[in-house]
Every structure is written in C-alpha cells, then in structure tokens.
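All letters in the sequence shown, in the order written, are residues 62 to 342 by the working numbering.
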Amino acid sequence: RPENDVNSCEEFFILIVKAYTIVAAMNVFGMSEITDFPVEEIFPTLTKEEEKSSIIESAASVIVEEYVKLSYPTCLPKKPDHIKEYAKDVLTMGLFYMEFQDAIREGDGKRVLICWKFLMLIYRATGHVNYAKEALTLLCQYHYLFPKRLAEQLIWSRFINTQGQPGTNIPADLHMEHLNRLCKESLSNLGANKTPKAIQRIGRALGPLQQFLQNFDITTKVEKGGSSHTIRSESADLKIIVNELKKQDVFNNSPGRKYQSFPKHTCNCYKGINKRKLKKW
C-alpha cells in the first residue's frame, strides 16, 4: 500500500501530479491535445526574459485559482461532482508537496516556513497531532520565542549541500542519517575489536572519512548515482495518463459523478478541523 512506503511511490505520484497539471492547463486554455496551442494567444513575440516569466506566472495563476484549493472550503453544492473534487485534491496536495520539496532543494527557509503553516493545519485535520504540535512549535519559535539571530538560524540552518551545485540541498537530518549509515558500516568492519576508544575515534573521523571517500571516487572515476533516483524518459507514460484523464473529463463539472473506491471524496484538506477547538488548541 502506498501509505506504507511513500518514498517508493514518490516518482509515480509526481508523474500523476504532472499529468493532472497538464490536463488542468489544457482545460483552462481550451486545448484538446497535448500538442495543441491555446485557443487564445498567451505568449506573443517577446524579447525580454522578464516579460516571458511574468506571462508564464500569470498563466499559471489562472490554473491555481481555478483548481488549487488550500483555503478553507465553502459549502459544496447539493449534488457535487466527486470525480472533479478528487482531481482538484490531487492537484492541490500534489503541487503543495512539490513546492515543499523544491523549497528544500533550493535551501529556501522562508518558503519552507510557509509550507509548515499549511502542514500544521493539514496534520491537525488528519489526526497527526504530534506532527501538528511540532509545526506549531517551529512557527512559535520563529515568530515569538527566539531572538532574531536564533530565529534566522532556525530556518536557514535546516539544509546542507554536499554536492556544491544549485538545487541540490538536502535536509540536515537526512544528512545525519547518511553519516549514521557510514558510522555503522565503519563499526561493522571492526569485528571483535569494538572498544569505546575505537568507536569514539570513528565518530570523530566521520567528516574527513566521508570527504576522503568522495575524493577517492572522483579520482578513480567511480560512477555514483546522485541523491535523487535516475528517472527514465516519462513522456510516453505521461501521455497515456493525460489521455486517460482527458477521456474521463475530470476537470469539467458533471454533478453526481463518483469513483467506486471513494464515492464521497471532496477537495477539503481541512475537513477534520473544528474551528472552535483549533482556536482553543
């Protein structure tokens, strides 16, 4: 089941989110095929990259305003389209997840903090109370409890870049897991010679040892996979999923539609929240 091993399903999940995003864009811009052009001209002839970025952001905002629902929901119609609600939920939570992961890769502490504001409510709504408390603690520490210098360290010292390339940051706690694995591998080589002194010596040498191993691999030209999984060309799979979603017309409202597996699904990531209890909490 996906919830039992989320990491193994991440690549497939991202592929699904991309497909839903493409279908949403096609729906907004009146396109029937992936290779079609929008009905209205969106990208006129431009010379400045700043203008291109502005138009892309404007076009993306149209999709977000139409289908992404991270705000507290309004009342549903008497006979809602649960298939469309499911599609909006996939798009909302999928894009939010990708935003959070991108903020980590870029080492953007401010964006990560904004994501944690939403995560606090999502964890609270889904019954993950301890995670919600951790999110609340983080927000309170940054905004109210810590002095300015410590607050800035709190949000900017959460990442580490071991590759020296842009967009390759990883969480500091994940780096600690990598060091712990290296430590365990080193200790296993001691065999019967494990002593407190030897264990302490290995612990102190972990940093230089990791650097030595990296330099050795570079010098000997050992090919090593990156921190992210190698992904084969996904265009064929993406096209299949997009065509299926278009066939189902998931983003056009059709009251009464529903999936057999979850017939009453709604796009409401806060549906488990009681506003009065939340304020008291």
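Ideal placement from N, C-alpha and C gives every residue a C-beta, glycine not left out.
Can you find the residues in the same chain that come closer than 6 Å, C-beta to C-beta, to residue i, ignoring five residues on each side of it along the sequence?
| i | result |
| --- | --- |
| Thr291 | Only weak support exists for where Thr291 lies, its pLDDT of 48 falling under 50; the value from the coordinates is given anyway. Excluding residues within five positions, none has a Cβ falling inside 6 Å. |
| Thr198 | none |
| Ser315 | Asp142 |
| Ala212 | Tyr203 |
Bridge partners for residue i per DSSP, in chain order?
| i | result |
| --- | --- |
| Pro345 | Beyond the ends of the chain as shown, which are 62 and 342, falls residue 345; an answer cannot be given. |
Spatial neighbours of residue i within its chain, please: CB distance less than 7 Å, with the 5 preceding and 5 following residues excluded, ordered by chain position.
| i | result |
| --- | --- |
| Ala85 | Ile124, Tyr128, Leu152 and Phe312 |
| Glu126 | none |
| Leu267 | Leu240, Leu243 and Cys244 |
| Phe207 | Leu215 |
| Ala253 | none |
| Leu339 | Arg185 |
Cβ of residue i within 8 Å of Cβ of residue j?
| i | j | result |
| --- | --- | --- |
| Leu200 | Met181 | yes |
| Arg210 | Gly170 | no |
| Ile183 | Cys330 | yes |
| Pro232 | Ile165 | yes |
| Leu299 | Ala80 | yes |
| Lys139 | Gly317 | no |
| Trp217 | Ala196 | no |
| Lys336 | His143 | no |
| Leu248 | Lys258 | no |
| Ala186 | Lys332 | yes |
| Met159 | Val100 | no |
| Gln272 | Leu240 | no |
| Glu295 | Gly228 | no |
| Gln224 | Leu215 | no |
Please go through the same chain and pick out, in chain order, the residues whose beta-carbon is closer than 8 Å to the beta-carbon of residue i, but skip the five residues on each side of it.
| i | result |
| --- | --- |
| Ile83 | Ile95, Leu299 and Val303 |
| Tyr131 | At residue 131 the sequence reads Leu, which differs from the Tyr that was named. Excluding sequence neighbours, Leu131 sits near Thr153, Phe157, Phe179 and Cys330. |
| Pro324 | His143 |
| Asn222 | Gly168, Thr229, Asn230 and Ile231 |
| His236 | Ile221 and Thr223 |
| Gly188 | Gly333 |
| Asp97 | Met87 |
| Phe90 | Pro99, Val100, Glu101, Ile103 and Ala120 |
| Met92 | Ala86, Phe98, Pro99 and Val100 |
Point to revise | 3 or more residues per run - each beta strand (DSSP E) lying fully within the stretch 121 to 178 | key: none
Review point. So, do the stretch 301 to 317 and the stretch 141 to 152 have three or more beta carbon pairs nearer to each other than 8 Å?
Key: yes
Exercise for review: Would you be able to state if there are at least three C-beta pairs under 8 Å between the stretch 240 to 253 and the stretch 261 to 280?
Suggested key: yes
Exercise for review: Kindly provide the ranges of any alpha helix (DSSP H) runs that are 4 or more residues long and lie completely inside the stretch 295 to 322, ordered along the chain.
Suggested key: 296 to 309
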